[in-house]
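Data block below; observations after.
Chains as they are written, first to last, in my numbering: chain S, 13 to 383; chain V, 13 to 383.
In structure tokens, the structure reads:
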């Protein structure tokens, strides 16, 4: 077995849990937020900086790495860890989500997905087997099954067929996965916003006995309440002794929602993407640095924050960097935002330990505001 | 006096010198290469990274900082050092070079230069007095006189008139400079490629007793031999006990040329600019990372280099970063190139100490090639 999950504690006031996930490249404390390093780099950051922030695991994107530089080059480099100089755990997605996002440029069949590269229009094909082959070559600690993430909204009939195919693909992924000793393959529960389909998907995947499970197809545009409802229904269908991963979630409110419902892992490009647009996450909510009111503001983003950026730079200076398009601007906000989310998850883990997560959440919202 | 220059040694084999320049923000070992932080940031780098590389002084550009964010904002922030979080010495240029580079968009009179901003076309005016006012507000350790850098080639008549005006402006700069206790003002010798004019310029400026002197108007497109000839002629006209600064020089060969002729300080955007285009400076010459031959090259830029980049990253990885336009690419080459030049200057200082600079230069060229 490539990974080992130890459940340390279950909250007495909600479904939140504390755990330790052991991987071939180190241990992860859960619940955890995972920064995204799409193309073998967490945008603007060195791996050392990412590690110094306290990040314990990062993501890589199979679709992007397949197109450039290609999994063969990464394999020749000694795998993704060595290629990008990150010696901690890595999770790779399956490429499914990106491929399905291509819209008109992709065609789904039982065999897999034919698509045209968003870069040069070249014809490509990813099947469950191909996704496993790519992820095996990348050498990530945690791999994801190739699935279809159904759009929202979608009809019961569409989602049912899609979910059933995802389940057949999950079986093919298990069969194609060549490196079970060093790489753990997670199943992905689909079923859209339909509880009966979620139930079938979870049942069939749990039967396949994956070392971990993701809840897919959420945070795709549905109302927040509906996401919570689906989590409330789906998470209890998953085995307690396996890690649970909610894909594509990275705003503080969604992270609270997820953890309180028993999710152990989450990832999102949000903190790094909004950083590059000049938006900082602070304890009193989001801050848009280009706003004129910060022109002569010689205080840090967040007086409560002890990150490198808040200890050394003022809003006025960072606003200047964005005004003149200097790379240091996005760099500094990326550091701050990742620190913010990593620290938030540390606090969440501490609150679970102390059985006061709900109180901590309410305190947090009092200042941050409710989005 | 804002600065103190101590001449430690003169080479026995050429005009190279070793010195210590004390400024209000720390000591500088000369000869020194100064990285350029045009708009209150050395492009892509944090000040801590710049310092960790061994940089002892950086440049700021008066023209750029005047336009954005404006010297008044920087003054309110507590000066340029505090604004940008760099507590070491800073040298600011006068804005002259940038203003004259605007071509059709500027008009020179005895009073100063009227120009249109390259950003929004707004009408602006910089005179010797205005340049001093801006630099006083920025609070740099070393300020430069507002001068005209004559183009190359230019007629004797044009250069003579320009040089004479520069001399009159130098006097006005001295009169307008309001903070002589904390900021040292350097004079700039002009005279183009005409020795008689260089002689007059140097004589008149030396009479004004500046705490340091720049040789301006070189490295502006003239043949390298001509630059060397002008340095051979001009440098001996300057007082031995004052630092000598060659503006706009940053390639290894030009640095050797300058130091051997008695120059103590140099600056250039070259290492940071070519980094952003994917060109690394190595002990065996320049390396263009996008070159296809590096696709599967899993070795560092330079086997001899002990910088952070060469210790951790391969050419194949950095080539990938450039291929997918990731910011980490320019970041890594910037670190490497600045390290290369800072290390080169360290080696040059060591060679002067050991009286074997010419031998070191010849050894260097054997591998680097002669550009």
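Glycine included, every Cβ here is placed at the ideal spot set by N, Cα and C.
In its own chain, which residues sit with a C-beta less than 8 Å from the C-beta of residue i, not counting the 5 before and 5 after it?
i, result
"residue 148 of chain S", "155, 189, 190, 191, 195"
"residue 37 of chain S", "93, 99, 100, 101, 102, 153"
"residue 323 of chain S", "312"
"residue 166 of chain V", "174, 204"
"residue 80 of chain S", "51, 131"
Could you say which of the options lies nearest to residue i if we only look at CA atoms?
i, options, result
"residue 181 of chain V", "V:217, V:209, V:212, V:164", "V:217"
"residue 176 of chain V", "V:208, V:187, V:88", "V:208"
"residue 32 of chain V", "V:334, V:43, V:236", "V:43"
"residue 134 of chain S", "S:142, S:143, S:117", "S:117"
"residue 129 of chain S", "S:114, S:142, S:267", "S:114"
"residue 22 of chain S", "S:378, S:369, S:375", "S:369"
"residue 59 of chain S", "S:359, S:256, S:366, S:347", "S:347"
"residue 367 of chain V", "V:351, V:25, V:110", "V:25"
"residue 164 of chain V", "V:212, V:234, V:109", "V:234"
"residue 280 of chain V", "V:137, V:72, V:146, V:84", "V:72"
"residue 309 of chain S", "V:145, V:270, V:89", "V:89"
"residue 108 of chain S", "S:41, S:46, S:200", "S:200"
"residue 303 of chain S", "S:334, S:275, S:227", "S:334"
"residue 319 of chain V", "V:355, V:338, V:78, V:170", "V:355"
"residue 193 of chain V", "V:365, V:15, V:270", "V:15"
"residue 331 of chain V", "V:301, V:157, V:275", "V:301"
"residue 66 of chain V", "V:78, V:251, V:82, V:41", "V:41"
"residue 272 of chain V", "V:139, V:84, V:232, V:30", "V:30"
"residue 350 of chain V", "V:17, V:19, V:49, V:327", "V:49"
"residue 251 of chain S", "S:260, S:223, S:269, S:244", "S:223"
Is it buried or exposed for residue i, if we count other Cβ within 10 angstroms and need 16 for buried?
i, result
"residue 131 of chain S", "exposed"
"residue 316 of chain S", "exposed"
"residue 254 of chain V", "buried"
"residue 382 of chain S", "exposed"
"residue 248 of chain V", "exposed"
"residue 13 of chain S", "exposed"
"residue 297 of chain V", "exposed"
"residue 289 of chain S", "exposed"
"residue 238 of chain V", "exposed"
"residue 378 of chain S", "exposed"
"residue 236 of chain S", "exposed"
"residue 362 of chain S", "exposed"
State yes or no: is the beta carbon of residue i nearer than 8 Å to at least one beta carbon in chain V?
i, result
"residue 217 of chain S", "no"
"residue 332 of chain S", "yes"
"residue 19 of chain S", "no"
"residue 350 of chain S", "no"
"residue 24 of chain S", "no"
"residue 326 of chain S", "yes"
"residue 345 of chain S", "no"
"residue 329 of chain S", "yes"
Taking 7 Å as the line, does the beta carbon of residue i fall inside it for any heavy atom of the ligand FMN?
i, result
"residue 43 of chain S", "In the structure shown, the ligand FMN is absent, as is every other ligand, since no ligand is present at all."
Any Cβ of chain S within less than 8 Å of the Cβ of residue i?
i, result
"residue 336 of chain V", "yes"
"residue 355 of chain V", "no"
"residue 313 of chain V", "no"
"residue 150 of chain V", "no"
"residue 360 of chain V", "no"
"residue 303 of chain V", "no"
"residue 310 of chain V", "yes"
"residue 339 of chain V", "yes"
Leaving out the 5 sequence neighbours to the left and right, which residues in its chain are closer than 6 Å to residue i when beta-carbon positions are compared?
i, result
"residue 87 of chain V", "149"
"residue 419 of chain S", "What the structure shows of chain S is the stretch from 13 to 383, and residue 419 of chain S is not part of that stretch, so it cannot be assessed."
"residue 343 of chain V", "56"
Quick one: what's got a C-beta closer than 7 Å to residue i's C-beta in the same chain, skipping five residues either side?
i, result
"residue 122 of chain V", "177"
"residue 174 of chain V", "160, 162, 202"
"residue 282 of chain S", "262, 263"
"residue 387 of chain S", "Nothing can be reported for residue 387 of chain S: it is not among the residues displayed for chain S, which extend from 13 to 383."
"residue 12 of chain S", "Here chain S has residues from 13 to 383 only, and residue 12 of chain S is not among them."
At a Cβ cut of 9 Å, what residues of the stretch 52-74 of chain V count as close to chain S, listed as they run along the chain? Those would be 52, 53, 54, 55, 56, 57, 58, 59, 60, in chain order.
Determine which residues of the stretch 110-137 of chain S have a Cβ less than 7 Å from any Cβ of chain V, and write them out in chain order. Near chain V, meaning a CB-to-CB distance below 7 Å, no residue of the stretch 110-137 of chain S qualifies.
Pull out every residue of the stretch 183-197 of chain S whose Cβ sits closer than 7 Å to any Cβ of chain V, in chain order. So the list is empty, because no residue satisfies the distance condition.
Residues of the stretch 70-103 of chain V with a CB closer than 7 Å to any CB of chain S: list them in chain order, please. Listed by position along the chain: 80, 81, 85, 88, 89, 95, 96, 97.
Selection of the stretch 287-298 of chain S by Cβ proximity to chain V, strictly under 8 Å: Result list empty, no residue passes.
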